[in-house]
Structure formats: structure tokens, C-alpha cells
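Everything below concerns the one structure shown next.
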Amino acid sequence: MSILKEIARIVEERSGIITYERSIYRILQAIKMTNDIWEIVSIAEEPLPLVTETINVLKERGFVKINNGIYLTENGKKLLQDLEVEDLIEYKCKTCNGKGIDLEQFKNLYEEFLEIQKNRPEPVREYDQGYITPISTVARVVFATSRGDIKNKDVIILGDDDLVSIAVALTNLAKRVVVLDIDKRLIDFIKNVSNDYNLDIEAFVFDLREPLPDEYVKNFDTFITDPPETLPGFKAFISKGLVTLKGERCAGYFGLTRVESSLNKWLEFQKYLIESNVVITDIIKDFSEYVNWGFVEETKAWKLIPYKKKPDTYWYKSYLFRIETLRGYKAENSRISDEAFYQDVEGSCT
Ligand code: N4P
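Positions 30 to 379 (the numbering used here) are the ones given, in order, by the sequence shown.
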């Protein structure tokens, strides 16, 4: 059996996550490029528990050693040579940082948003919060604008530690901006900003596991959200998003990571969209970068990493998805049980 296959089998057995030879290969590529565990997870694009388990096996076999970083041993270097492991170079556009949009015309909006968000509530573990950088929030809104989903539209944001509602309102383009979040601190913050800047944002405390009240049903053109990445969490947020939409050819936006979701889980998410008669129109890699959250030492990720050091780069990123409803699409407005809502075997950041 090839060494990649052998390691993949052991990692799959121990982690409970489907592991491919390519998963192991990608982790070796990442180790070749950096010694930092968080960067390795980011480059490898495999779930963090799969990456840390792979590093355990590589260590047991004498391919790596841990010394406040991950280092290849002589045997490890030889393994990489034998497998002809190559660097992964991204050739990303330096102007837009891969987001694919030009923010030039939105400089003032960005400056204003940057100022406003300075005393925002910090993320809490209870709700698996973790917000994206201000530039990512503004880019999300500009991207949605470029797709025709903001101007003269009724827009709803489901869960908003990213403060997307504020950025949408600052464009002055939307007809209506509504935001729902479980966290009263966020709703109070958004309401205060809305009053101070005359933004007319309608903000309410709401737990998205509950069925949506009538006033939110079939009343919006566009929804924007960033779901927890368990199947129940994803379904709760996306189904509620779909429920808010007026009808056919309305749009939804959400983010998905590779840190907390394998491609097999992505497939489950995509199956759910297909079953709902909803189509994906856009996927943009690493569109959103997350500001490192204060409670990292309380997370499963912290327990799993082979040496304890806080991240010092934006290593946790999400792909931006845009979806559209098609004829006969289905949207369920049911109560979701809170079993495994925030974390499954692949998750680790809460
Ligand atoms: C997780 C953040 N707990 C980071 C640390 N997740 C939700 C945050 C909403 N902004 C990210 C989920 C991405 N789909």
C-alpha cells in the first residue's frame, strides 16, 4: 500500500472524517510551505481535526517533529522528495486580493464603516460568533450590489455579527434593511448605529431555530447570512433565508469554510440546495477573512493543535456563495432541534 493511502486510512479511522490520499498530500504541501499550524490548516484546506490527526501520524512515523512549530525531519524531507510534493502557489490578484471586485468607488463607505464598527461587541463562544474583517463585510455588500441584489431591494440579514446590515444601509441603495440576530448586544449595537446615522435599519432579537413569524415570510428580495457549518445549522439558516424570499429568482448569500467542513460535507450542503430547487450562481474562494476570536483557548481546535500558540494571521476564511431560487423551489419554516447545531466531528472553532 502506498504511504499516502496508509496514512489516509489511519487518519480516517481516528478522526471519523473521510480522508483521501489527496488530503494527506495537501497537508504535506502545506507543511513544506510553513511551520505554523494555523497556516497549515489554511493552506491544506482540510478540516482542522483531520489536519491535526495527520500531523500526529506523521510525528509517530518520524516524518515531523514539533518544536513550537511543525518541522520536517530528514526522513520527512526524503518523503516529500519521493512523493514529488510541490508548493501550492495561488497567483492571486494583488489589487482585489482574489475577491474579484473593485472597491475604489466605495472608499468613503469603507472609511465610515471602519469607524462605526470600532466599538462593536466582541464574539462570544455561546453562539459560535467570529466576525469577518471590515473590508470583507464591505466587499460582500458591494458584490451583492454588483449582482443587482441591493439597489431598490428589500434585504434581510440573518445573524449579523459581521454588521452587514450597517454596510448595506450605508450604501443608501436598498429599499429596506431588516436584521435578525439571537444576540441582544448586537441588535442593540445595530439599533444605536441606525439611530445615530439615520439608517432606518429594522433590527430584532430572534433565534433562527424557531419558525419565522409571518411578517418576515415572503417579504424580501435578498437574504445574507453566515451559517454554522453543521448540517442542521446550515439547513436552519438557509431554509429560513429561503422562507423570507418573495419568490422565484430571488438571491441568497452565505459563507462556507474548508476549516470546519470537508468537501464531503460541502456535497451534503449542495444536495440540500438541489433538493430545494435552488441553484448556485457564484462561489468565490477566500472572499471573507475572519478576525481571530478571543476565546480560541476554549475551543476544540486549541485542544487538538500539537503546540499551543495563538494564531497571528487571518487563517480562517470562507468562500462566498450566491444562490438563486428557481421555479418550484422549496423553503421550510420549521423548528430546528438544537442537537449538534454549532459543532460536528469536522468543526473545531467553537
Ligand atoms: C466561526 C464563525 N467561532 C468562527 C469562530 N462562523 C460563524 C460566524 C458568523 N460571522 C463562521 C461560519 C462560516 N460559515
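Backbone N, C-alpha and C fix where the C-beta goes; we use that ideal spot for every residue, glycine too.
Across the structure, K275 and A203 are spaced so that their CA atoms are roughly 16 angstroms apart. Our two residues, I36 and K329, have alpha carbons roughly 23 angstroms apart in a direct line. Uninterrupted beta strand (DSSP E) stretches at least 3 residues long and entirely within the stretch 203-267 occur at 205-210, 230-234, 251-254, given in chain order.
Per DSSP, the continuous alpha helix (DSSP H) segment holding I60 begins and ends at 50-62.
In this model, W344 and I164 are separated by some 16 angstroms (Cα to Cα). Not a single heavy atom of ligand 1 lies less than 7 angstroms from the C-beta of G129. For N293, same chain residues with a beta-carbon under 6 angstroms away, outside a window of 5 residues either side, are I47 in chain order. Taking C-beta atoms as the reference points, I267 and I186 fail to come closer than 8 angstroms.
For the pair R176 and S52, the Cα-to-Cα distance works out to about 34 angstroms.
For L274, there is no enclosing beta strand (DSSP E), since its DSSP letter is neither H nor E.
Note that the C-beta distance between V325 and K339 is below 8 angstroms. Close CB contacts of D131 within its chain, under the 7 angstroms cut and outside five residues either way in sequence, are with C125 (chain order). Distance from the CA of P257 to the CA of K269, rounded to the nearest whole angstrom, comes to 13 angstroms. Contact between V197 and V170 is confirmed by a C-beta separation of about 5 angstroms, below the 8 angstroms threshold. Annotation note: the stretch 65-119 contains the following uninterrupted beta strand (DSSP E) runs of length 3 or greater, listed N- to C-terminal: 93-95, 99-101.
For L302, the CB contacts under 8 angstroms within the same chain, skipping 5 residues up- and downstream, are I267, V308, I309, I352 in chain order. Taken atom to atom, the span from the alpha-carbon of K247 to that of E277 is near 11 angstroms. Annotation for K314: G127, Y348 place their beta carbon closer than 7 angstroms to its own, counting only its chain and skipping 5 residues before and after.
DSSP places R351 within a strand segment (E or B) once states are collapsed to three.
Remark: the C-beta of L285 is in contact range of ligand 1, defined as less than 7 angstroms to any heavy atom. Judged by their CB atoms, D250 and D183 are nearer to each other than the 8 angstroms cut-off. Within a 10 Å sphere around the beta-carbon of V234 sit fewer than 16 other beta-carbons, which makes this residue exposed.
Per the Cβ contact rule, the stretch 64-75 is in contact with the stretch 87-105 (3 or more Cβ pairs under 8 angstroms). It is roughly 46 angstroms from the alpha-carbon of E140 to the alpha-carbon of V40. Between the C-alpha atoms of P76 and T83 there is a straight-line separation of about 11 angstroms.
Here the alpha carbon of K123 sits roughly 38 angstroms from the alpha carbon of L237. Of the other Cβ atoms in all chains shown, fewer than 16 fall within 10 Å of the Cβ of R364; this residue is therefore exposed.
Pairing N306 with G357 gives a Cβ-Cβ distance under 8 angstroms. DSSP, reduced to helix, strand and coil, places F324 outside both helices and strands of the structure shown, so it counts as coil. Less than 8 angstroms separates the beta-carbon of E74 from that of R55. With 16 or more neighbouring CB atoms inside 10 Å of its own CB, L209 falls in the buried class.
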